[in-house]
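Written below as structure tokens is the structure these notes are about.
Numbering (our numbering), first residue to last: 3 to 186.
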């Protein structure tokens, strides 16, 4: 088939009034070695140019399960379902034991490590500011109290934002007592 032929719409043959066969079958029908009819439920989602997409999904889920799933969904939901199936299939082939759960676990570990780094950096900043305030404000109790109040207010807001994240763990729930111990 030449390049000029590939841009033409697929030819259609009619076997009976209800079934019209398409000359260029979708990737699914081509892999399954069956006739691709005009109303093929797989054709919009597995074009002939993307056979690997169907191969991966077929290997993990099977053609009949893919067809059943698509038949149960509204047409507007089918594209997202196919995209999810292909993603899940690729993840399952890459990691047969954990699949997408392994990817989620790995990303959650990265988030936790980054949150720990952020908490450590905030603690270092706090220590540096405390040292600076102690050295520079000896005898100026009103200035150091003002610095303490402003800094405490900023960190309280930071802790409130972090407390809204269920994956963030704090070691001490009694923050007021902690501030008094650190500041004293």
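Ideal Cβ positions, reconstructed from N, Cα and C, are used throughout, including at glycine. Here the structure is a predicted model, which means the values were calculated and not measured.
- Just measuring C-alpha positions, the residue of 33, 68 and 94 sitting nearest residue 83 is 68.
- The C-alpha of residue 118 is placed about 44 Å away from the C-alpha of residue 77.
- Counting the other Cβ atoms within 10 Å of the Cβ of residue 113 gives fewer than 16, which makes it exposed.
- The shortest C-alpha to C-alpha distance from residue 48 to any of 93, 88, 125 and 122 is the one to 88.
- By the CB criterion at 9 Å, residue 61 and residue 91 fall inside the cutoff.
- Across the structure, residue 109 and residue 40 are spaced so that their CA atoms are roughly 42 Å apart.
- The beta carbon of residue 105 lies closer than 8 Å to those of 93 and 97 in the same chain, with the five residues before and after it left out.
- When the five nearest sequence neighbours on each side are left out, no beta carbon in the same chain lies closer than 7 Å to the beta carbon of residue 116.
- Spatial neighbours of residue 52 in its own chain (CB-CB distance under 7 Å, excluding positions within 5 residues in sequence) are listed in chain order as 29.
- Contact annotation, residue 34 with residue 59: C-beta distance approximately 12 Å; criterion of less than 8 Å not satisfied.
- In this structure residue 27 is not in contact with residue 46, their Cβ atoms being roughly 13 Å apart against a cut-off of 8 Å.
- Taking residue 124 as the centre and dropping the five residues before and after it, the same chain places no C-beta closer than 6 Å to its C-beta.
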